[in-house]
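*Asks:* Dumping the structure here so I can ask a few things about it.
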Amino acid sequence: MDPVYLFKVAARQADWLAVRQSTVSGNISNVNTPGYKARDVVPFDEVMDRTRLTLAATNPRHFSVDEAGAKTAKVRKGDSWEIVHSGNSVSLEQELLKASEINRDYSLNTNIVRSFHRMYLMSVKGS
Numbered sequence: 346m347d348p349v350y351l352f353k354v355a356a357r358q359a360d361w362l363a364v365r366q367s368t369v370s371g372n373i374s375n376v377n378t379p380g381y382k383a384r385d386v387v388p389f390d391e392v393m394d395r396t397r398l399t400l401a402a403t404n405p406r407h408f409s410v411d412e413a414g415a416k417t418a419k420v421r422k423g424d425s426w427e428i429v430h431s432g433n434s435v436s437l438e439q440e441l442l443k444a445s446e447i448n449r450d451y452s453l454n455t456n457i458v459r460s461f462h463r464m465y466l467m468s469v470k471g472s
């Protein structure tokens, strides 16, 4: 049986979400620290672009996509909403929106893995 890479991708995204949540919580904890600059992590799609997971062609009739045919675009990094007189660039509202986005992405990741796991078990059991 061939390995299923969806679980590896989901695990990698869960790790990335944990790092991003830690970064956002660090920004929130330093919201009143003078001179503190807000931080964020590299977007997940850039992490996946560096990884280069490839699909296995198990049949000679499978299509292959060369890397030159894939179009990618750089994600523009958003600036902080405001910088206060102390030089702190953390916006509490922006960080809370990021935390909400992380929560939503983690829930989506979990639900997709749960659904795929059920489908996988059904196919193995032969139901």
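Heads up: the sequence shown is residues 346 to 472, going by the working numbering.
Using N, Cα and C, we set each Cβ at its ideal position, and we do this for glycine too.
Any idea what DSSP makes of residue 403, helix, strand or coil?
*Replies:* Mapped onto the sequence shown, residue 403 falls at position 58. Coil, per DSSP.
*Asks:* So, for residue 376: in the same chain, excluding its five sequence neighbours on each side, which residues have a beta-carbon less than 6 angstroms away from its beta-carbon?
*Replies:* For the purposes of this step, residue 376 is taken as residue 31 along the sequence shown, with counting starting at 1. Only 435, 437 meet the Cβ criterion.
*Asks:* Are the CB atoms of residue 381 and residue 433 within a distance shorter than 9 angstroms?
*Replies:* As a working note, residue 433 is residue 88 in the sequence shown. As a working note, residue 381 is residue 36 in the sequence shown. Yes, they are a contact pair.
*Asks:* Shortest alpha-carbon distance to residue 388 belongs to which of 352, 450, 373?
*Replies:* Reading the sequence shown from its first residue, position 43 is the one you call residue 388. Minimum Cα distance to residue 388 is reached at 450.
*Asks:* Could you check the C-alpha separation between residue 366 and residue 461 for me, to the nearest Å?
*Replies:* Locating residue 366 in the sequence shown gives position 21, counting from the first residue. Locating residue 461 in the sequence shown gives position 116, counting from the first residue. Going by the C-alpha atoms only, they are around 25 angstroms apart.
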